[in-house]
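Report on the following structure.
Residue numbers (the numbering used here): 34 to 168.
Set out below in structure tokens:
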């Protein structure tokens, strides 16, 4: 059965997509821990990170790094961009990239509320910055 991420990839449900290539997609988490919380997902549906072939794993990490670099430029007030791979809530590999100022920004029980306008502004800023970066 297709995961919610596959439905986003197939454009069956909307998402605030900030970056995409042939093999990956990145979009804003709609229930973010912090403003700018982004999910990076391989388009190929694989449940568990370490079940990925090494080449695909490395490609996901390279794409995630580029998305993180775009987030760093957009969220200049963040101390760093945190990364987490948990993978229990959706059976599809995904990397969380979260602008951090404090450790509690990584607390998945803590959520921030953003308006549609906030999401759209963040989406545009990250997308534009991502596209300006060299691979």
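Every residue, glycine too, gets a C-beta built ideally from N, C-alpha and C.
Beta-carbon proximity list for residue i, same chain, < 7 angstroms, skipping 5 on both sides
i: residue 39; result: 78 and 125
i: residue 113; result: 133
Buried versus exposed, by CB contacts within 10 Å (16 or more), residue i
i: residue 60; result: buried
i: residue 49; result: buried
i: residue 72; result: buried
i: residue 149; result: exposed
i: residue 23; result: Because the chain here runs from 34 to 168, residue 23 falls outside it and cannot be looked at.
i: residue 119; result: exposed
i: residue 84; result: exposed
i: residue 130; result: buried
i: residue 35; result: exposed
Residue i and residue j closer than 8 angstroms at C-beta
i: residue 66; j: residue 141; result: yes
i: residue 100; j: residue 116; result: no
i: residue 75; j: residue 57; result: yes
i: residue 170; j: residue 80; result: The requested residue 170 does not occur in the structure, where the chain is confined to residues 34 to 168.
i: residue 102; j: residue 166; result: yes
i: residue 37; j: residue 123; result: yes
Cβ-heavy atom distance, residue i to the ligand NAP, below 7 angstroms
i: residue 76; result: What this structure holds is no ligand at all, so the ligand NAP is not there to describe.
Cβ shell of residue i (< 8 angstroms), same chain only, five flanking positions each side left out
i: residue 68; result: 108, 132, 145, 147, 151 and 155
i: residue 136; result: none
Neighbour flag for residue i against chain D, beta carbons, 8 angstroms
i: residue 142; result: Among the protein chains of the structure shown there is no chain D, as only one such chain exists.
Close Cβ partners of residue i (< 6 angstroms) along its chain, the five nearest in sequence each way excluded
i: residue 97; result: 73 and 128
i: residue 41; result: 48
At what residue ranges does the region 57-125 contain a whole run of the beta strand (DSSP E), taking only runs of 3 or more?
57-61, 71-75 and 113-117
Tell me whether the region 84-94 and the region 153-165 touch, counting them as touching only if at least three CB pairs, one residue from each stretch, are closer than 8 angstroms.
Look at the beta carbons and you see the region 84-94 not touching the region 153-165: under three pairs across the two are nearer than 8 angstroms.
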